[in-house]
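To start, the structure under review is shown below, and the notes come after it.
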Amino acid sequence: MEKYDHEYGADQIQVLEGLEAVRKRPGMYIGSVSVRGLHHLVYEIVDNAVDEALAGYCKNIHVTIEPGNIICVEDDGRGIPVDIHPKTKISAAETVYTVLHAGGKFGGDSGYKVSGGLHGVGSSVVNALSKWVEVTIQRDGGIFEMSFERGKTVKSLTKIGESDKTGTKVRFLADDTIFETLEYEFQVLENRFREMAFLTKGLRIVIEDLREETPKKSDFCFEGGLISFVEYLNKNKEKLHKTPIYIEKQGEVPVEIAIQYTSSYSENIYTFVNNINTIEGGTHLEGFKRALTKVFNDYARNHNILKEKDSNLQGEDIREGITAVVSVKVKEPQFEGQTKTKLGNSEVTGVVQSMVNEALSTFLEENPTVAKAILEKCVSACRAREAARKARELVRRKSALETTTLPGKLADCSSKVAEECEVYIVEGDSAGGSAKQGRDRKFQAILPLWGKMLNVEKARVDKIYGNDKLNPVIVAVGAGIGADFDITKIRYGKVIIMADADVDGAHIRTLLLTFFFRYMRPLIENGNVYLAQPPLYKLSKKGMKDIYCYTDEDMEKSLKEIGRDGVTIQRYKGLGEMNPEQLWETTMNPETRILVKVTMDDAIKADEIFTILMGDEIAPRRQFIEENAKYVKNLDI
Ligand code: 28F
């Protein structure tokens, strides 16, 4: 890239100091410098193009991952303005790329910026954290170009040709001295852009990956918007009504909602504010839930589905099997919560509530068959909840009679400080025995499970309380389940699933993860769930300490180092083959073990996987297993 001498005015020096701050503390602006933060750079640039689409001027966005992890984003909007700012004497485009929060300063009152990544910091931050950035703008009859290195202008905006088209193209290479990795994950970006395309009806987003010999490409454009989104979420589920219910209202706070009920028992409501996934919910979700509860209860009363003597249906009854997407646009969103993904603006509750009240009750009156199908399901959910309450009380009463409330099979630890305690959920009695003997009893508890585990995907909450496999897990974790789950009550900081590295082990692991995902989701979100990684092989050689290998590659590497002569290779078929000392050394000793934290970057993906793996439909399950055969055994949601 050509370098240019550049004279900085007083303002410009200020500017550079601003971007230096971003380079010094990148985490403050993009969350982290891990692969997650890296992806944020792409979102920031694409968000700008989406804003142009929301303003009504851009129809197509093209994202390319080029070889060498260069990102190229192109849109067909109006092009970033190129006129010179009278005060700074710098083009608007260059200002956007070199002044921190320039977008906000320009657009604050005009309300230009509507979408925006989690941190909403924009182009200048991407510029500061990139080795280089190249921007090409077509506008006002010309083609203009500018470029930067590590946030510093190396070429101010220059006209390089004529054009009658309009649009903006940005290419950049993230700075490898800042990010831990530059390897973008196609699937992560693809998911995000699919979501954005759903949220912006009619916008086309194409993503291409040219890094490998066989390029990948996805092309998203949904004329149905949120309706298409809900249909996509429900694609492997049995629907209670054919088309999603759709409600939309423009105004001070635009609201768009799509709802479709399925025969499943889970509740899947995804909420967005300015295209940002509000994982922790907030006031918009609150308004939606309140309206839903009221409208269905009113309808049930008016149509004599609930008799006078019956008590009201509760919110959770009405949300069983629901899939919904709620999308609102808020001018000045306040984000709260642990991960700043909870909408705080209190005025939004009422807006969403009253519009859902009105639109949904009209819909139900006009579509009595749909109303009836949904309410039948709500009523049976209500009965199941009553049965579950009785089951729970039975469990409580029973345990009140016994001296200890904890399950008999649980070998508890002596410490009572939850943060330092761990519980290993172990498959099989023999492995459980070794684990009990091998553990450090101060902080490690062992809960052995055996026999066939309940598939929660096909059971309701009343079956779960009474279940002899799951109940010990619930009582041991100590925080309840479902709507009653209270993360502050957990008895262990780490809940570790320890199962064999074979098909049966994978099965039990998936069943337990499904259970945690459906009934103790905060436990996963909070990072308390782990998978133990028992070794696959032991290499022994005379005069040498045994080497444990956790993967095939691991073993190949070790064999290269120590040579193959005189080495005995033992393949572990199950945890039960290890004696207590070996189990401690390889799988339980915090100093030497490998634990995989179960993370949930993408609840939509996780729901899809569990529906496929554990649900009723067989065809998608077969397809999933064929496509992901090598991943299934190490399923990480
Ligand atoms: C590949 C990434 O960044 N596209 C963009 C525009 C269009 C305008 C704009 C952007 C308003 C005044 C600050 C054009 N004409 N794609 C993009 N397209 N920014 S970013 O305006 C920027 C703010 O200066 C634009 C009229 N109004 C706005």
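Numbered per the numbering used here, the sequence shown spans residues 537 to 1173. Note that the Cβ used here is the ideal one computed from N, Cα and C, for glycine as well.
Pair within 9 Å by beta-carbon distance, residue i and residue j
i: CYS949; j: ALA971; result: no
i: ASN804; j: LEU842; result: no
i: THR885; j: GLY964; result: no
i: THR702; j: GLY613; result: yes
i: ILE1098; j: LEU1072; result: no
i: VAL887; j: VAL791; result: yes
i: GLY968; j: PRO943; result: no
i: GLN796; j: ALA733; result: no
i: MET1136; j: THR1046; result: no
i: VAL578; j: VAL599; result: yes
i: GLY738; j: SER660; result: no
i: GLY974; j: GLN874; result: no
i: LEU725; j: PHE765; result: no
i: GLU681; j: GLU698; result: no
i: ASP745; j: PHE729; result: no
i: TYR960; j: ALA1042; result: no
i: GLU993; j: SER800; result: yes
i: GLU958; j: TYR1055; result: no
i: ASP846; j: SER897; result: no
i: VAL742; j: ILE597; result: yes
i: ALA827; j: ASN881; result: no
i: LYS878; j: GLY851; result: no
i: ASN811; j: SER863; result: yes
i: VAL1178; j: MET1034; result: There is no way to answer for residue 1178, as the model of the chain reaches only from 537 to 1173.
i: ARG559; j: GLY658; result: no
Rounded distance between the beta-carbons of residue j and residue i, thought under 8 Å
i: LEU1006; j: PHE1051; result: 6 Å
i: ILE601; j: TYR782; result: With 8 Å as the limit, ILE601 and TYR782 do not qualify as a contact, their Cβ atoms being about 34 Å apart.
i: LYS785; j: MET891; result: 5 Å
i: THR1123; j: PRO1070; result: 5 Å
i: VAL997; j: ALA895; result: That belief does not hold up - the Cβ atoms of VAL997 and ALA895 are roughly 30 Å apart, past 8 Å.
i: LEU821; j: THR798; result: With a Cβ gap of about 19 Å, LEU821 and THR798 do not count as contacting.
i: GLY677; j: ASP700; result: 7 Å
i: THR704; j: ALA585; result: 7 Å
i: ILE696; j: ALA629; result: Their Cβ separation, rounded to whole angstroms, is 13 Å, which puts ILE696 and ALA629 out of contact at 8 Å.
i: GLU767; j: VAL569; result: The Cβ separation is near 37 Å, so there is no contact.
i: LEU693; j: VAL618; result: 6 Å
i: PRO562; j: LEU665; result: 6 Å
i: CYS914; j: GLU844; result: The pair is not a contact, with the Cβ atoms about 18 Å apart (cut-off 8 Å).
Strand pairing of residue i, partner residues [DSSP]
i: PHE715; result: None, per the DSSP bridge assignment.
i: ASN804; result: THR859
i: ASN1190; result: There is simply no residue 1190 to check, as the chain begins at 537 and stops at 1173 in what is shown.
i: PHE729; result: Its beta-bridge partners do not exist; DSSP assigns none.
i: MET682; result: VAL671
i: GLN980; result: GLU958
i: MET1034; result: VAL962
i: GLN796; result: THR859
i: VAL791; result: LYS785, VAL864
i: LEU1131; result: ALA1068
i: GLY818; result: LEU879
i: ILE1098; result: According to DSSP, which records beta bridges pairwise, ILE1098 is partnered with nothing at all.
i: PHE871; result: LEU879
i: THR1104; result: SER1076
i: LEU911; result: DSSP output for LEU911 lists no bridge partner at all.
i: ILE620; result: SER627
i: LEU555; result: Its beta-bridge partners do not exist; DSSP assigns none.
i: SER666; result: ALA710
i: LYS775; result: THR798
i: ALA947; result: ILE982
Alpha helix (DSSP H) segment containing residue i, residue limits
i: SER754; result: From DSSP, SER754 is part of no alpha helix (DSSP H) but of the beta strand (DSSP E) over 752-756.
i: TYR579; result: 571-590
i: LEU769; result: 762-769
i: LEU1067; result: Premise fails: LEU1067 lies in the beta strand (DSSP E), 1065-1068, not in any alpha helix (DSSP H).
i: ILE1148; result: 1139-1150
i: TYR1001; result: 997-1001
i: TYR1084; result: Taken as a continuous stretch (DSSP letters only), TYR1084 belongs to no alpha helix (DSSP H), being part of the beta strand (DSSP E) at 1083-1085.
i: PRO1126; result: Looking at the DSSP string, PRO1126 is not in any alpha helix (DSSP H), and its letter there is neither H nor E.
Delimiting residues of the beta strand (DSSP E) encompassing residue i
i: GLU602; result: 596-602
i: ASP745; result: 740-745
i: THR704; result: 703-710
i: GLU1232; result: In this structure the chain extends from 537 to 1173, so residue 1232 is not present and cannot be described.
i: TYR782; result: 781-785
i: SER1076; result: 1073-1076
i: VAL690; result: 688-698
i: VAL609; result: 606-611
Residue i Cβ short of 8 Å to the ligand MG heavy atom set
i: PRO622; result: This structure simply doesn't include the ligand MG; it includes the ligand 28F instead.
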